[in-house]
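Some notes on the structure that comes next.
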Amino acid sequence: MIETDISRVIIREYTRRLTEHLENDVVIVGAGPAGLAAGYYLAKSRIKTAIVDKKLSIGGGIWGGAAGYNIVTFEDKDILDEIGVTTKKDGDLYIADAIEFATGLAYKARKAGAAIFNLIEAEDIVLKQETVQGVVVNSASIRALGLHVDPFCICSRCVIDGTGHPAELVGMLKTRKPDLFPRELQEHFMNVEASEAGVVEKTGEVYPGLYVAGMSVCDVYNLPRMGPIFGGMLKSGKKVAEQIINKLQNSK
Ligand SMILES: Cc1cc2nc3c(=O)[nH]c(=O)nc-3n(C[C@H](O)[C@H](O)[C@H](O)COP(=O)(O)OP(=O)(O)OC[C@H]3O[C@@H](n4cnc5c(N)ncnc54)[C@H](O)[C@@H]3O)c2cc1C
11 MIETDISRVI
21 IREYTRRLTE
31 HLENDVVIVG
41 AGPAGLAAGY
51 YLAKSRIKTA
61 IVDKKLSIGG
71 GIWGGAAGYN
81 IVTFEDKDIL
91 DEIGVTTKKD
101 GDLYIADAIE
111 FATGLAYKAR
121 KAGAAIFNLI
131 EAEDIVLKQE
141 TVQGVVVNSA
151 SIRALGLHVD
161 PFCICSRCVI
171 DGTGHPAELV
181 GMLKTRKPDL
191 FPRELQEHFM
201 NVEASEAGVV
211 EKTGEVYPGL
221 YVAGMSVCDV
231 YNLPRMGPIF
241 GGMLKSGKKV
251 AEQIINKLQN
261 SK
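Our numbering puts the first residue of the sequence shown at 11, with every later residue one more than the last.
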């Protein structure tokens, strides 16, 4: 029966893929520009990587550009060239089509080998021996309906908080360990230059096993917001991937 054949292959392939990724080198929570860039560079280096995102469409805040005008801006284009996104120079900025950027980046991350699970929401972290070792996840629709259904876990050697603002994984740690992050998790007022530089500079491990990339960095370090300029997000994703690749290679 074709009807049940269709269902069977979908269920079989999804559960095969999910089971394969219950244990990973890296789990990235959030498939925005920072999480997808990190996933691309990690997977390209043959690091076993799973990305979860609670939304149906991955890409985070890329799609809408500024106020729905779906053009995105960058200060340089090296990473865009690498992933094959068309750019145009306009004054000191490079511009790209938000749709091409979102789909191109997602395609590269997936083709490099990152497993991407949309509609999966991280609701907690796995913490053992004072090290973050994975995430507790559930179906985003179960979470949205507020149903009383237990989650499952996806484990890894490192976890990246790529949830944008308000840095949800760091927030989960802060709730139980308020002394670790005494400041509120929030961005400061708009200042593009300071934020674009700061977000890359501060990208890194904030707790054993837990890394921040992208807008999460701004929230953790109270850096200024920067609006729809995305170079810092890509560089932050690339930087966190390089840090983790070094760490994993040195711990072999
Ligand atoms: C509503 C909105 C407000 C914005 N405000 C600002 C601003 O104030 N300042 C600024 O500089 N830029 C802002 N932007 C611009 C832009 O979105 C960000 O700079 C950029 O997209 C951040 O990239 P990111 O990869 O860090 O996170 P995002 O693009 O935000 O992607 C984060 C992803 O994580 C997913 N996610 C979040 N929590 C979970 C979870 N628990 N489990 C699974 N997935 C999860 C989300 O679904 C999302 O896809 C905003 C964008 C939007 C859409």
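Even for Gly, the Cβ is constructed at its ideal location relative to N, Cα and C.
If I follow the unbroken alpha helix (DSSP H) through residue i, where does it start and stop?
{"i": "residue 111", "result": "108-122"}
{"i": "residue 257", "result": "241-260"}
{"i": "residue 96", "result": "Per DSSP, residue 96 belongs to no alpha helix (DSSP H) and is neither H nor E."}
{"i": "residue 52", "result": "43-54"}
{"i": "residue 30", "result": "12-30"}
{"i": "residue 229", "result": "225-231"}
Tell me whether residue i counts as near ligand 1, meaning its Cβ is closer than 7 Å to at least one heavy atom of that ligand.
{"i": "residue 134", "result": "no"}
{"i": "residue 39", "result": "yes"}
{"i": "residue 74", "result": "yes"}
{"i": "residue 20", "result": "no"}
{"i": "residue 151", "result": "no"}
{"i": "residue 64", "result": "yes"}
{"i": "residue 60", "result": "no"}
{"i": "residue 85", "result": "no"}
{"i": "residue 68", "result": "yes"}
Below 8 Å on the Cβ atoms is my guess for residue i versus residue j; work out the distance and round it to an integer in Å.
{"i": "residue 71", "j": "residue 80", "result": "Incorrect: roughly 11 Å between the Cβ atoms, too far for contact."}
{"i": "residue 180", "j": "residue 219", "result": "Their Cβ separation, rounded to whole angstroms, is 12 Å, which puts residue 180 and residue 219 out of contact at 8 Å."}
{"i": "residue 46", "j": "residue 36", "result": "Not confirmed; about 13 Å, so no contact."}
Considering just the uninterrupted stretch of the beta strand (DSSP E) at residue i, what are its terminal residues?
{"i": "residue 79", "result": "Note, residue 79: premise wrong, no beta strand (DSSP E); not H, not E."}
{"i": "residue 86", "result": "It is not in any beta strand (DSSP E) - residue 86 carries neither H nor E in the DSSP assignment."}
{"i": "residue 220", "result": "220-222"}
{"i": "residue 35", "result": "33-39"}
{"i": "residue 133", "result": "130-138"}
{"i": "residue 72", "result": "Residue 72 -> no beta strand (DSSP E), and no H or E assigned at all."}
{"i": "residue 102", "result": "Where residue 102 is concerned, there is no enclosing beta strand (DSSP E), given that its DSSP letter is neither H nor E."}
{"i": "residue 61", "result": "59-63"}
Continuous beta strand (DSSP E) assignments of at least 3 residues falling wholly in the stretch 146-213: 162-171, all fully within the stretch 146-213.
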